[in-house]
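Participant:
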Amino acid sequence: MEKKTNGIEPDFPKNIGKPAQRALLSAGYHQLQDLTSATEKELLDLHGFGPKALGILRKALAEQGLHFKV
Numbered sequence: 025m026e027k028k029t030n031g032i033e034p035d036f037p038k039n040i041g042k043p044a045q046r047a048l049l050s051a052g053y054h055q056l057q058d059l060t061s062a063t064e065k066e067l068l069d070l071h072g073f074g075p076k077a078l079g080i081l082r083k084a085l086a087e088q089g090l091h092f093k094v
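Residues 25 to 94 in the numbering used here are what the sequence shown spells out, letter by letter.
Structure, rendered in structure tokens:
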């Protein structure tokens, strides 16, 4: 069961690790589209979030025609 935060169901890819999901939720990112306001470095600075999760999210964003903030 996915954790709901503030009534919003996270829509991150299913293959992203739980520590990375918790890091994103704790930082206020609840939807994939929210990540377009973050740089890759900002995400990598989150405790529990690493290069593997970054790659998964980069691919998921690209599939929707989106990208991280530059």
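Glycine residues also receive a C-beta, built at the ideal position from the N, C-alpha and C atoms.
On the CB-based measure, 16 or more other CB atoms within 10 Å of its CB, does Ile32 come out buried or exposed?
Facilitator: exposed
Participant: Of the residues Ile80, Lys65, Thr63, Ser61, which one's Cα is nearest the Cα of Gln45?
Facilitator: Ile80
Participant: So, with DSSP's three-state summary, where would you put Ile40?
Facilitator: coil
Participant: Could you work out which residue in Asp35, Tyr53, Asp58 is closest to Leu90 when comparing CA atoms only?
Facilitator: For the set Asp35, Tyr53, Asp58, the Cα lying nearest the Cα of Leu90 is the one of Asp58.
Participant: Would you please state the rounded distance, in angstroms, between the beta carbons of Leu56 and Gln88? I believe it to be under 8 Å.
Facilitator: Indeed, because the Cβ distance is near 7 Å, the residues count as touching under 8 Å.
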